[in-house]
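What follows is a set of notes on a single structure, which appears directly below.
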Amino acid sequence: MSGVEGLVAGAALSLPFNALYDVVKQVVLNANMFSSQLSALDSRVSYLKPVIDDLEKYNNQLGRNVEEAKQLEEIAKRMEDGKKLIDEECSKVGRWNILKRYTYTNKLVDLDDSLSRLSEILKMHGLVVGKETLITAKRIDAGMNVLVQNQSDMQILVKEIHNVLVNYGSWRVMFAVFLVSMVMVIASKDTKWFVFNVGNNTLTFNN
1 MSGVEGLVAG
11 AALSLPFNAL
21 YDVVKQVVLN
31 ANMFSSQLSA
41 LDSRVSYLKP
51 VIDDLEKYNN
61 QLGRNVEEAK
71 QLEEIAKRME
81 DGKKLIDEEC
91 SKVGRWNILK
101 RYTYTNKLVD
111 LDDSLSRLSE
121 ILKMHGLVVG
131 KETLITAKRI
141 DAGMNVLVQN
151 QSDMQILVKE
161 IHNVLVNYGS
171 WRVMFAVFLV
181 SMVMVIASKD
191 TKWFVFNVGN
201 NTLTFNN
């Protein structure tokens, strides 16, 4: 499998990202130099960490077009290089080595830009807000289950009401109002209407 094909499933991003994440977390607390750049990277990787962890679980297919796949491959390479830069090179730069400090500062800024592009790609796929969307979907699903259950209960009650009204004859209107009001209480509070049908008689109640 080629590098681009390996990124199609999105999971291949997790290896270089997690390596970068670990080294940033280790270095940022004790950084004497490049502190502002490392702090920015720390915020960036902390923001992306939950999303990257979920990529393989959700099996989201990134890199469906060639241009995006190349961008992801480049970002993965930048993360690998960034891990090496922070872990092996930045820690060895002398305070007075202005040239290397300038060079490494620019590399750290470029790395942050790459992570920013990764964030934008994830946003386009709706993955950055994936957790919030998942929670919302679960709530909707739970609500639908309650609605289905309420509808089932209402159908049973309607049948019972029909049987009672047939037996009570002249009391049907008064009794229908009473029983339908009970059904309305059991039903969801968002219910806006209820129609009760007995033979040729139809009663409609609005709340």
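Going by full-length UniProt numbering, the sequence shown opens with residue 1, and the numbers climb by one from there. Built from N, CA and C at the ideal position, the CB exists for glycine as well. Owing to the predicted nature of the structure, the values given are computational and were not obtained by experimental measurement.
Alpha carbon to alpha carbon, how far is residue i from residue j?
i	j	result
residue 28	residue 122	25 Å
residue 208	residue 52	Within the shown structure, residues of the chain are numbered from 1 to 207, placing residue 208 beyond reach of any answer.
residue 13	residue 76	6 Å
residue 15	residue 50	14 Å
residue 100	residue 93	7 Å
residue 39	residue 124	26 Å
residue 69	residue 116	16 Å
residue 54	residue 96	43 Å
residue 119	residue 109	15 Å
residue 47	residue 37	16 Å
List the endpoints of the continuous alpha helix (DSSP H) containing residue i.
i	result
residue 116	98 to 124
residue 19	14 to 28
Residue i: buried (16+ other C-beta within 10 angstroms of its C-beta) or exposed?
i	result
residue 79	buried
residue 43	exposed
residue 88	exposed
residue 73	buried
residue 71	buried
Among the options, whose alpha-carbon lies nearest the alpha-carbon of residue i?
i	options	result
residue 91	21, 120 and 32	32
residue 34	23, 102 and 26	102
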